[in-house]
Each structure stands twice: as structure tokens, then as C-alpha cells.
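Line by line, the protein sequences give chains L and F.
Everything in the first sequence is counted per our numbering, starting at 437 for the first residue and increasing by one.
Everything in the second sequence is counted per our numbering, starting at 105 for the first residue and increasing by one.
We treat Cβ as the ideally placed atom computed from N, Cα and C, and that holds for glycine.
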Amino acid sequence: MASLMVGVVAYDPKVVLIWEIIRDYAKEKKFDLDYVLFSNYETQVQALLNKKVDLAWNTNVAWIRTKKSAPFAEALLMRDTDINFTSMFIAHEDSNIHTLEDIKNKRIGFGSFDSAQAFILPAYYLKKEGLEPNRDYTMNRVDSDLGKHGDTGRSEYEILEKLKNKEYDAIALATSTWMRMIELGLAGSSFRPFYKSSGYSHCNFTNVTPNASYVNEFVEFMIGMDTKRSDITKMMEMEALSTWVKTGNEELNGYDELEKAMEWLNLF
Amino acid sequence: MERHDLFLLNDSVASFMIRSATLTQAWLLRLNALLPTLRKGDTFKVTVVHRSVSFEFEGWIQVNRCSPVATSSDLNGYSYLVQKDYESHILSEEQGYDGLNKTEPLLDTAPKLFGLMPRGVHIEQSSPLYPFELTEKESLWAKNVTRLYEEAKQNQWSADTDIEWDAIPDLPPDIETAIAQVMTYLAENEFSALYIPGKFLSKISPYYMELVMFLGTIIYDETRHIEVFSRRANAKKIGLQYSTTATQRSLYSLFIEKDYFKTSFLLHVLGEGTFLDLLDFLIKYAPDPVTKKIVTLAKKDEQRHVNYGLVHVKALIQANPKRMDYLKDAVESRKAYLDEMNQENELLLSSLAILAGGSDEEGYELGYERVQQLKKRMGENRIRRMIECGFDEETAKEISMSHTANFM
Numbered sequence: 437m438a439s440l441m442v443g444v445v446a447y448d449p450k451v452v453l454i455w456e457i458i459r460d461y462a463k464e465k466k467f468d469l470d471y472v473l474f475s476n477y478e479t480q481v482q483a484l485l486n487k488k489v490d491l492a493w494n495t496n497v498a499w500i501r502t503k504k505s506a507p508f509a510e511a512l513l514m515r516d517t518d519i520n521f522t523s524m525f526i527a528h529e530d531s532n533i534h535t536l537e538d539i540k541n542k543r544i545g546f547g548s549f550d551s552a553q554a555f556i557l558p559a560y561y562l563k564k565e566g567l568e569p570n571r572d573y574t575m576n577r578v579d580s581d582l583g584k585h586g587d588t589g590r591s592e593y594e595i596l597e598k599l600k601n602k603e604y605d606a607i608a609l610a611t612s613t614w615m616r617m618i619e620l621g622l623a624g625s626s627f628r629p630f631y632k633s634s635g636y637s638h639c640n641f642t643n644v645t646p647n648a649s650y651v652n653e654f655v656e657f658m659i660g661m662d663t664k665r666s667d668i669t670k671m672m673e674m675e676a677l678s679t680w681v682k683t684g685n686e687e688l689n690g691y692d693e694l695e696k697a698m699e700w701l702n703l704f
Numbered sequence: 105m106e107r108h109d110l111f112l113l114n115d116s117v118a119s120f121m122i123r124s125a126t127l128t129q130a131w132l133l134r135l136n137a138l139l140p141t142l143r144k145g146d147t148f149k150v151t152v153v154h155r156s157v158s159f160e161f162e163g164w165i166q167v168n169r170c171s172p173v174a175t176s177s178d179l180n181g182y183s184y185l186v187q188k189d190y191e192s193h194i195l196s197e198e199q200g201y202d203g204l205n206k207t208e209p210l211l212d213t214a215p216k217l218f219g220l221m222p223r224g225v226h227i228e229q230s231s232p233l234y235p236f237e238l239t240e241k242e243s244l245w246a247k248n249v250t251r252l253y254e255e256a257k258q259n260q261w262s263a264d265t266d267i268e269w270d271a272i273p274d275l276p277p278d279i280e281t282a283i284a285q286v287m288t289y290l291a292e293n294e295f296s297a298l299y300i301p302g303k304f305l306s307k308i309s310p311y312y313m314e315l316v317m318f319l320g321t322i323i324y325d326e327t328r329h330i331e332v333f334s335r336r337a338n339a340k341k342i343g344l345q346y347s348t349t350a351t352q353r354s355l356y357s358l359f360i361e362k363d364y365f366k367t368s369f370l371l372h373v374l375g376e377g378t379f380l381d382l383l384d385f386l387i388k389y390a391p392d393p394v395t396k397k398i399v400t401l402a403k404k405d406e407q408r409h410v411n412y413g414l415v416h417v418k419a420l421i422q423a424n425p426k427r428m429d430y431l432k433d434a435v436e437s438r439k440a441y442l443d444e445m446n447q448e449n450e451l452l453l454s455s456l457a458i459l460a461g462g463s464d465e466e467g468y469e470l471g472y473e474r475v476q477q478l479k480k481r482m483g484e485n486r487i488r489r490m491i492e493c494g495f496d497e498e499t500a501k502e503i504s505m506s507h508t509a510n511f512m
């Protein structure tokens with residue numbers, strides 16, 4: 437039997453460590469699984485659609501794109517931390533921004549244009565409030581690590597720097613990134629969060645082959661991981677999850693706004 | 105129940121009021137450090153004064169796998185009743201070592217995730233798995249080990265200040281040579297008694313920390329013995345004498361033993377037990393008070409090591425008498441190896457005879473006779489110790505006969 441091939445994007449060296457642990461564990465459990473690294477999500481989605489890989493570990497943006505080309509695509513599994521993912525807006529205290537309305541005529545900094553958390557969704561949240569880019573506010577973007585869909589978080593750190601230098605009045609980023617920034621001492625006392633989004637769904641394992649026999653096996657294998665083992669807990673810590681969760685309807689609904697946002701921004 | 109009524113339930117573990125205008129690094133540390141101390145389902149209250157911090161705190165809740173059980177806002181700010189949704193630690197129900205000789209490990213097997221830590225700590229679930237091989241209480245523990253550890257602490261002595269090195273008299277050369285040879289032999293054997301516990305120490309789960317600490321004292325005891333025996337041999341011009349293949353083969357056959365229980369029996373009960381008689385002999389026949397004191401002090405230490413072995417082996421045999429055969433096999437397979445050549449260290453025996461009788465013909469004959477009596481006494485005491493461990497007399501006699509002629 438050929439190995440079940442999972443595509444993963446190498447956004448960080450730890451991706452290899454994570455997948456080596458999963459592969460070793462699979463070997464031990466006699467589950468025939470291997471992984472293929474991609475440098476970006478666009479290539480990975482293409483490889484999935486062309487059946488070069490059986491499954492792909494996709495960002496939400498990659499998932500929406502996959503579904504656009506393959507309407508029968510299914511999201512199988514996510515990290516618990518992929519559910520209710522949120523973004524924030526952070527203002528500089530001197531910019532006098534306290535609510536979303538206050539951003540009128542202000543300079544707003546976003547992350548990479550393929551980052552759901554730092555650009556696509558935050559810009560869409562403003563639009564939903566009737567705030568159009570470059571009419572009601574100035575839209576600025578730092579596009580770094582394109583193709584990685586914001587996984588590296590680099591653009592978020594770069595816009596933070598610009599906020600610090602008052603090149604921007606406010607910025608958008610993922611809540612988890614902001615927590616990390618506070619921890620690292622990067623969030624100085626002059627920053628004022630003024631908005632936190634409601635939850636949306638982040639990554640998932642995507643399948644495009646209808647009725648594939650490996651789907652259930654894969655899901656059962658991942659969910660059945662022995663979380664008492666230190667190699668598994670180490671992997672889960674690196675991958676930032678405490679448990680794998682099957683993607684249900686509620687989780688799928690968590691992608692709806694992103695799809696609308698990507699349509700609005702012509703990101704297909 | 106109304107959601108805000110939940111705040112009135114006063115069972116939350118902690119309560120914080122965050123007045124700062126941002127969620128500072130310090131507050132983040134304080135909140136993060138609270139989490140390990142909470143159980144899954146525990147709640148805590150946080151009130152934040154500034155709206156901006158409320159966004160951050162809600163983010164913190166989400167990122168840290170907690171959930172808001174209730175929220176409210178009023179003039180004081182924004183209040184949250186937060187629940188921790190996961191279990192981060194395995195809680196210990198034990199207090200651990202307290203220096204009062206009152207605690208003992210409760211578990212028959214050390215917890216799987218037990219790493220380099222004292223017994224009684226709460227272990228984080230993501231702690232790495234150490235490959236400790238010796239994790240069963242039965243195979244390690246002896247009831248007297250904590251007491252022996254306390255005794256070891258109280259009876260420490262110094263190779264520098266407790267021995268009057270300058271007071272060693274000039275002895276006749278053949279007597280000094282005999283002493284130097286005996287000391288050479290003793291130091292070789294002490295290396296064995298140092299390395300063997302050392303070899304097993306790193307395999308024992310720290311959960312059985314009193315044993316680990318006791319083995320630590322054994323290691324230092326043996327270190328001190330190696331020092332004093334070497335120093336005594338080198339105290340005069342004659343210096344360290346000859347190592348023998350007979351002794352080295354005997355020590356080697358013990359060194360390669362992989363089983364802790366077998367080793368404990370071979371080393372502490374049979375080897376060091378036999379050494380007690382040898383040290384008694386030297387206390388009696390050492391030609392000068394300094395050497396007498398060295399062996400007297402060393403014997404006190406060795407007695408503790410033997411006492412551990414006796415209680416350890418006794419408990420294991422009581423639990424399963426078939427283990428006697430297992431130990432007998434260990435002694436016999438060692439004997440089979442040693443039988444390949446003459447096992448006695450003749451240099452040692454001759455030196456002991458000189459010390460016990462003298463180097464002239466008549467004295468040497470007397471000394472020889474005394475060494476023969478020593479060997480007989482060693483055999484009898486070995487049997488007595490084994491019987492104390494629960495052996496039947498017949499098996500004890502057979503084992504004693506098969507014990508190495510090198511004594512250790």
C-alpha cells in the first residue's frame with residue numbers, strides 16, 4: 437500500500453520536527469503516512485487538486501481556494517486552537533482611537549495580503565461597519581513571506597514596528613500574535629487595543645478525493661494520538677494544540693466570512 | 105441562574121483587578137503563572153478597568169484554552185469569571201522527603217513522567233519521558249534506607265582531619281610492605297564499590313529519592329575509602345603495591361552484572377559483608393593506631409551498606425522465595441567464570457598472615473593459621489547474613505561455598 441501523503445507548508449524549521457514525530461508515531465502504529473513539504477500554500481493547493489498529495493494541512497485561505505476549485509472538497513480535522521481564532525486592532529495611544537468609528541481618516545496598517553488574520557478579515561470587519569479602504573481610512577500593508585498566508589507572523593511584527601514609529605495610527609493582527617508580543621516585551625505601554633473580532637476558523641486538513649478510504653483512517657489516527665506520551669505532547673506544544681477536533685458544521689461556518697471577504701477583495 | 109449570579113459563587117481560586125491601561129508583560133506573566141496552579145474546571149475572577157485591556161484579556165482567555173463562564177461590566181470595569189479548560193499537571197498526593205524520616209514512597213511504580221525532580225512535585229503533562237529502567241519499588245526499596253541515609257549524614261568523617269597522617273610510625277619494611285599490599289587490595293575493591301552503585305544510580309527513578317540519596321552517600325563513602333587506603337599505602341616510601349588478576353577478575357565479574365537485585369546481593373550482602381570480617385581482622389592486627397583508625401572508620405561505613413543490602417534482599421525474598429534460586433544462579437555463574445583460573449589473591453593472604461603473626465617462620469605459620477580462621481569466620485558470617493535475609497541454611501551454605509575467594 438502506498439503511503440498516505442500529507443502536504444504541509446514549511447513556514448518554520450519546526451514543521452519538520454513536528455512531522456517527524458507524527459511520522460514516527462504513525463510508523464509505530466503501523467499507519468502508513470508520509471509528508472511532503474511545500475514552500476507555499478498556492479503550490480500545495482495545486483498539488484492537492486492534482487492529486488500529487490492525498491491531504492493538505494491548509495490555512496483558512498488555502499482551504500477557501502481549494503473549495504473554490506473543488507466544491508466537493510472536505511475539511512476533515514483541525515486543532516482545537518483553530519476554532520474561534522480571533523484578530524485584534526491595536527491603536528497607538530496618541531492616535532485617539534477608541535472604537536472602530538474612530539479610524540476615520542486614520543492610517544491603518546495590515547499584514548500580508550494573503551493573511552486572513554492580519555489583513556483579509558480585519559479589513560472585511562471594517563467594511564462591514566461601513567468603513568471602506570482609502571475612502572474612510574488609509575489602507576497600508578506590509579506584504580512579507582507571501583505564500584505562507586501569515587503563518588510566519590512576520591508582517592505582524594513589521595507593522596507593529598511601524599505603529600511604534602507612528603507611521604500608522606492602528607494595526608490589525610492575530611490575538612495570539614499580540615499575546616506573544618506582550619510576552620516578548622514588544623507591546624509597549626503606548627498601544628491600545630480597541631477591537632477584538634468574533635471567532636473564525638483557521639487551519640484544517642483538506643481532502644479533495646470523494647469517498648477516499650484513507651479519510652476515516654487518518655482522522656481516527658490523529659484523534660487517537662496518545663496525549664500522555666511526551667513526544668506527542670512536545671509535538672502538540674510545537675503545533676500549538678491540545679487536541680485534534682473533527683471539523684463539524686459549526687467549524688465550517690467559521691469560514692463563511694472569510695469566503696465573503698476574499699470575494700470582496702478579489703483574492704481568487 | 106442568571107449569568108451574573110455566577111460571580112456571587114465564591115469558589116473561584118483567584119481574583120485579580122487589572123488597573124493598567126494595557127495588558128503589561130508583568131500582568132501576562134502573572135496570569136500565565138496562575139494557570140499551572142489551577143485544575144481543569146477551576147475558575148478565577150478578573151476585573152479590568154480599561155476597555156482596551158478587556159480586548160486583550162479576552163484574547164488571553166482564548167489563546168490559553170480557558171473559557172469565560174460569565175462576564176459583566178459596570179462602573180468598576182469589565183469583569184470575567186474564567187474557567188481553565190484543560191489539565192496541565194499530574195498532581196502528587198505525596199509530600200515527599202522532609203528530613204524527618206517519616207515519609208516513604210507510596211507508589212509501587214514510579215510515575216511514568218517522573219523526571220529529575222523530588223518526590224511530591226506536581227508534574228507537567230508535557231514533561232519529557234526519561235528512560236529510567238529501575239522504577240519498581242519492590243526491586244529497589246528497603247525499609248531502612250531513609251534511616252541509613254540519616255546515619256550516613258551523621259557519621260561522615262574526613263580523610264584529612266580525622267586521620268593523623270603524621271603519626272604513622274616507621275614500621276619494619278616487611279610489615280610496611282604487607283600494609284601497603286593490603287591497602288592496595290582494599291583500594292581496588294573500593295573502586296568496585298564506588299562504580300557499581302554509580303552505574304545503577306542513573307537508572308533509578310528519582311521518585312525513590314531516599315535511595316538515590318543513600319546511594320549518593322555510598323559513593324562518597326567509597327570515595328573516601330579509596331583516598332585513605334591509597335594514602336595509607338603511599339604514606340611511606342614503599343607505596344602502592346601489586347594489583348592481581350585474581351582480584352581484578354573477581355571485581356570484573358561483579359562489574360558486568362546488569363541486574364540491580366543480583367548486584368545488591370553480591371556487592372552489599374556477600375562482598376561488603378565479607379569485608380566487615382576482613383576489616384575486623386585488620387582492626388585487630390594493624391600494626392599502628394593510625395591504620396587501625398582508618399579501617400575502624402571505614403568499617404562503620406561499610407556496615408551501613410551491608411544493612412541496606414540485608415533489608416533489601418530480605419524483602420525481595422519474602423515476597424517471592426524463588427528469588428533465592430535466582431541469587432544462587434548469580435553466584436554460581438560468577439563462580440563458573442572465576443573457576444577458569446586460581447581465584448585467591450595470594451599476595452593479600454600472605455600479607456594478612458604477616459600482619460597477624462609476623463614475617464619470621466614461626467610468626468608466619470601463626471599468621472597463616474589466623475588467616476585460615478578468618479576465612480572460616482567469613483564463611484560462617486556469610487551464612488548467618490543470608491539466613492537473616494531469609495535463606496534456608498542449606499542454600500546459604502552452598503552459596504557461601506561458591507562466593508568469590510577474593511572476598512568481594
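query, result
"Against chain F, which members of the segment 682-695 of chain L pass a CB distance test of less than 8 Å?", "none"
"Is it buried or exposed for G461(F), if we count other Cβ within 10 angstroms and need 16 for buried?", "buried"
"Name the two residues that bound the continuous alpha helix (DSSP H) containing K257(F).", "V249 to Q258"
"Does Y447(L) get closer than 7 Å to chain F when you measure Cβ to Cβ?", "no"
"What are the residues of the segment 168-187 of chain F that lie near chain L, defined by any Cβ-Cβ distance shorter than 7 Å?", "R169"
"Specify the secondary structure class of V150(F) as computed by DSSP and reduced to three states.", "strand"
"I need the DSSP call for W269(F), collapsed to helix, strand or coil.", "helix"
"Anything in chain L within Cβ reach of T239(F), meaning under 8 Å, just list it in chain order.", "Near T239(F) there are no residues of chain L at all, since even the closest Cβ is about 15 Å away, more than 8 Å."
"Should L195(F) go down as buried or exposed, given a rule of 16 or more other Cβ atoms within 10 Å for buried?", "exposed"
"Could you give the C-beta distance for A608(L) and P558(L), rounded to a whole number, given that I count them as a contact under 8 Å?", "3 Å"
"Measuring CA to CA, which of T613(L), K542(L) and F654(L) is closest to F641(L)?", "F654(L)"
"Helix, strand or coil for M105(F)? Go by DSSP, reduced to three states.", "Caution applies to M105(F), whose pLDDT of 39 falls short of 50 and renders its modelled position unreliable; the model cannot decide the point."
"Quick one: is F120(F) near chain L, going by C-beta distance under 7 Å?", "no"
"Going by DSSP, what residue range makes up the alpha helix (DSSP H) through P393(F)?", "P393 to A423"
"So, helix, strand or coil for P507(L), using DSSP?", "coil"
"Is it true that the segment 624-632 of chain L meets the segment 475-490 of chain L, where meeting means three or more beta-carbon pairs spaced less than 8 Å apart?", "no"
"List the endpoints of the continuous alpha helix (DSSP H) containing F495(F).", "No alpha helix (DSSP H) holds F495(F); DSSP gives it neither H nor E."
"DSSP state of T348(F), grouped into three classes?", "coil"
"Is there a C-beta anywhere in chain F that falls below 7 Å from the one on E673(L)?", "yes"
"For M437(L), count the other beta carbons within 10 Å of its own beta carbon; 16 or more makes it buried, fewer makes it exposed. Which is it?", "Any reading at M437(L) needs caution, since the residue's pLDDT is 48, under 50, leaving its predicted position unreliable; the model's value is listed next. Classification of M437(L): exposed, given that the 10 Å Cβ count is below 16."
"Should F704(L) be labelled buried (16 or more other beta-carbon atoms within 10 Å of its own) or exposed?", "exposed"
"Quick one: which residues of the segment 505-517 of chain L get their C-beta closer than 9 Å to a C-beta of chain F? List them in chain order.", "D516 and T517"
"List the residues of chain F that K713(L) touches, going by C-beta distances under 7 Å, in chain order.", "Lying outside 437 to 704, the shown extent of chain L, residue 713(L) is not represented and no answer is given."
"Could you tell me the distance, in whole angstroms, from the CA atom of Y561(L) to the CA atom of G624(L)?", "25 Å"
"How about I387(F) and V373(F): do their beta carbons lie closer than 7 Å?", "no"
"Is there contact here, the segment 442-450 of chain F with the segment 260-280 of chain F, by at least three beta-carbon pairs under 8 Å?", "no"
"Between the C-alpha atoms of M105(F) and S171(F), what's the straight-line distance to the nearest angstrom?", "Reliability fails at M105(F), whose pLDDT of 39 lies under 50, so the model's placement of it is uncertain and the value that follows must be treated cautiously. Their Cα atoms are separated by approximately 18 Å."
"Here's the rule I'm using: 16 or more other beta-carbon atoms within 10 Å means buried, otherwise exposed. How should Q166(F) be labelled?", "buried"
"Pick out whichever of V316(F), M512(F), E292(F) and E473(F) has its Cα sitting closest to the Cα of V332(F).", "E292(F)"
"Taking only runs that begin and end inside the segment 623-670 of chain L, name each unbroken beta strand (DSSP E) of 3 or more residues, in chain order.", "627-632 and 640-643"
"By the 10 Å Cβ neighbour count, where 16 or more other Cβ atoms means buried, how is D518(L) classified, buried or exposed?", "buried"
"With 16 other CB atoms within 10 Å as the buried threshold, where does L133(F) fall?", "exposed"
"For T495(L), return the contacting residues in chain F, with the cut-off set at a CB-CB distance below 7 Å.", "Per Cβ cutoff of 7 Å: no residues; T495(L) is ~18 Å from chain F at best."
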